[in-house]
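Remarks on the structure that follows.
In our numbering, the protein residues as written are 986 to 1174.
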């Protein structure tokens, strides 16, 4: 078995190991969100949002739901990162095959993992938005600003990370095109 096939099999194994865990964690997160946003937070409002000590009931319930979601989403992020490593292995095995060095593989894994984190963070923000609004509107805005800055910087970093790969792929494609053009020219003569 060559290096490319081994890399592909390792990638598929990572997908098989992590996909079911991600699905289960997503179902748990959706259930927590549904009960929190559609049942518990509205119940706090129906009770007149009384204060317990210095805090109103709605922000307390929102914080509890938010903490539970955060725990589940951190697990999803870990599993999703490992899933992206598997995807990176599969992509590397197909795109660069035998030319796959450990350095290139690390770059693919890191880039896809960071892309996965941007996706997860964005979806998590949308998930957390009703809960953050239940705590404080300003907090929701500050978190959005931080998310946007981090996501943009991360996406720029990912883009620059793959510049060498894109240049190498372009050189190989141009070389193939030139070779095909030479062969066509020879056939015409």
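Glycine included, C-beta positions come from ideal geometry on N, C-alpha and C.
Source: prediction; values computed, not measured.
Residue 1036 to residue 1045 span [Cα, whole Å]: Position 51 of the chain shown, counted from the first residue, corresponds to residue 1036. Position 60 of the chain shown, counted from the first residue, corresponds to residue 1045. Roughly 9 Å separates the two Cα atoms.
Does the separation of the CB atoms of residue 1143 and residue 1096 fall below 7 Å? Along the chain shown, read from residue 1 onward, the residue named residue 1143 stands at position 158. Along the chain shown, read from residue 1 onward, the residue named residue 1096 stands at position 111. For the pair residue 1143 and residue 1096, the CB atoms are nearer than the 7 Å cut-off.
Sheet register partners of residue 1041 (DSSP bridge): Position 56 of the chain shown, counted from the start, is the residue given in the question as residue 1041. Within the DSSP bridge table, the entry for residue 1041 names 1036 as partners.
Euclidean distance between Cα positions of residue 1003 and residue 1065: Your numbering for residue 1003 matches position 18 in the chain shown. Your numbering for residue 1065 matches position 80 in the chain shown. Their Cα atoms are separated by approximately 7 Å.
Leaving out five residues before and five after residue 1061 in sequence, what residues of the same chain have Cβ atoms less than 8 Å from its Cβ? Locating residue 1061 in the chain shown gives position 76, where the first residue counts as 1. Result list for residue 1061: 1007, 1010, 1011, 1014, 1105, in chain order.
Which whole-angstrom value describes the C-beta separation of residue 1078 and residue 1155, a residue pair presumed to lie in contact below a C-beta threshold of 8 Å? Walking along the chain shown from the start, residue 1078 turns up at place 93. Walking along the chain shown from the start, residue 1155 turns up at place 170. Approximately 20 Å separates the beta-carbon atoms of residue 1078 and residue 1155; this is outside 8 Å, ruling out the contact.
Under 7 Å between the Cβ atoms of residue 1101 and residue 1069? Mapped onto the chain shown, residue 1101 falls at position 116. Mapped onto the chain shown, residue 1069 falls at position 84. Result yes, Cβ atoms of residue 1101 and residue 1069 sit closer than 7 Å.
Same chain, Cβ closer than 6 Å to residue 996, neighbours up to 5 away in sequence not counted: Taking the first residue of the chain shown as position 1, residue 996 is located at position 11. Sequence-distant Cβ neighbours of residue 996 in its own chain, meaning closer than 6 Å and more than five residues away, are 1071, 1074, 1075.
Whole angstroms are fine: how far does the CA of residue 1016 sit from the CA of residue 1107? Looking up residue 1107 in the chain shown gives position 122. Looking up residue 1016 in the chain shown gives position 31. The alpha-carbon of residue 1107 is positioned some 19 Å away from that of residue 1016.
Please report the straight-line C-alpha distance between residue 1164 and residue 1173, rounded to a whole angstrom. Translated into the one-based positions of the chain shown, residue 1164 becomes position 179. Translated into the one-based positions of the chain shown, residue 1173 becomes position 188. Cα to Cα, the separation comes out at about 14 Å.
Compute the Euclidean distance between the alpha carbons of residue 1170 and residue 1157, then round it to the nearest angstrom. Along the chain shown, read from residue 1 onward, the residue named residue 1170 stands at position 185. Along the chain shown, read from residue 1 onward, the residue named residue 1157 stands at position 172. If I take the Cα positions, the gap works out to 20 Å.
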